[in-house]
Amino acid sequence: MSATGQAGKAVDRDFTAAIYGTIVVAGVVGSLGQADVSIGAVIASVLATSGVFWLAHVWAQTMSERLRDPQDFTWARFATIARHEWSMVQSATLPVLALLLAAFDVYSEETAIDVALAITIVQLFGWGLLVGRRTFERWPSALLSGVVNGAFGVVIVVLKTLIH
883 MSATGQAGKA VDRDFTAAIY GTIVVAGVVG SLGQADVSIG AVIASVLATS
933 GVFWLAHVWA QTMSERLRDP QDFTWARFAT IARHEWSMVQ SATLPVLALL
983 LAAFDVYSEE TAIDVALAIT IVQLFGWGLL VGRRTFERWP SALLSGVVNG
1033 AFGVVIVVLK TLIH
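For any residue, its number in the numbering used here is found by taking its place in the sequence shown, counting from 1, and adding 882.
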């Protein structure tokens, strides 16, 4: 789906960036959580990876839209794309806050990793539930959508456990 709809307005029903951003965060936290790195390095990696993926998505969407309509591309359209994709970075907010609590010795780094991963699973479930509710308009189907979406996060956690 295009980042812009009719008359360049942002499409509010495309949760691709938020879902993808959450999966990226879960992958980074899951992989670095078992490595011999500080919690600060995990936080920095999550933020840097989210930022780089956001830039990549903005650039790719910009190029795609310019190919479709090269004569009518404006900086306003670029800004719309950047704002639309920003949820990719925003999806890191709660997991990073959980990681920051360990940086301030509220709880252990291991607990912070577990809490951050749990947050990503809840976020994925929530996005799936929201998308399912808007798509199917029935709670059983929406719940199934949430469970399937949340399963991506669970798979990352299970793989983290099996690999390490």
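The beta-carbon is built from N, C-alpha and C at its ideal position, and this holds for glycine as well. Because the structure is a prediction, the values reported are computed rather than measured.
task: Go ahead and pull the three-state DSSP assignment for T956.
output: Within the sequence shown, residue 956 is the residue found at index 74, counting from 1. T956: coil per DSSP, three-state reduction.
query: How is Y902 classed by DSSP in three states: helix, strand or coil?
result: Counting from one through the sequence shown, the residue named residue 902 turns up at place 20. DSSP, read as helix, strand or coil, puts Y902 in helix.
- request: Check whether the stretch 900 to 915 touches the stretch 973 to 984, counting contact only when three or more Cβ pairs, one atom from each stretch, lie closer than 8 Å.
  value: By the C-beta criterion, the stretch 900 to 915 is judged to be in contact with the stretch 973 to 984, since at least 3 inter-stretch pairs fall below 8 Å.
Whole-Å CB distance - G1035 paired with T1002, under 8 Å assumed: Stepping through the sequence shown from its first residue, residue 1035 is reached at position 153. Stepping through the sequence shown from its first residue, residue 1002 is reached at position 120. Correct: roughly 5 Å between the Cβ atoms.
- prompt: Does the pairing of the stretch 1007 to 1026 with the stretch 909 to 920 give three or more beta-carbon distances under 8 Å?
  reply: By the Cβ test, the stretch 1007 to 1026 is not in contact with the stretch 909 to 920, since fewer than three Cβ pairs between them sit closer than 8 Å.
- prompt: Among S946, G1014, I925 and E967, which one has its Cα closest to the Cα of L983?
  reply: Working through the sequence shown from its first residue, we reach residue 983 at position 101. Comparing Cα-Cα distances from L983 to each of S946, G1014, I925 and E967, the minimum goes to I925.
- request: Look at the alpha carbon of V928 and the alpha carbon of D918, and state the distance between them as a whole number of angstroms.
  value: Taking the sequence shown and counting its residues from 1, one reaches residue 928 at position 46. Taking the sequence shown and counting its residues from 1, one reaches residue 918 at position 36. Distance from the CA of V928 to the CA of D918, rounded to the nearest whole angstrom, comes to 16 Å.
Member of Q953, A1024, A1000 and G1014 whose CA lies at the smallest distance from the CA of V1037: Against the sequence shown, residue 1037 aligns to sequence position 155. That would be A1000, whose Cα lies nearest to the Cα of V1037.
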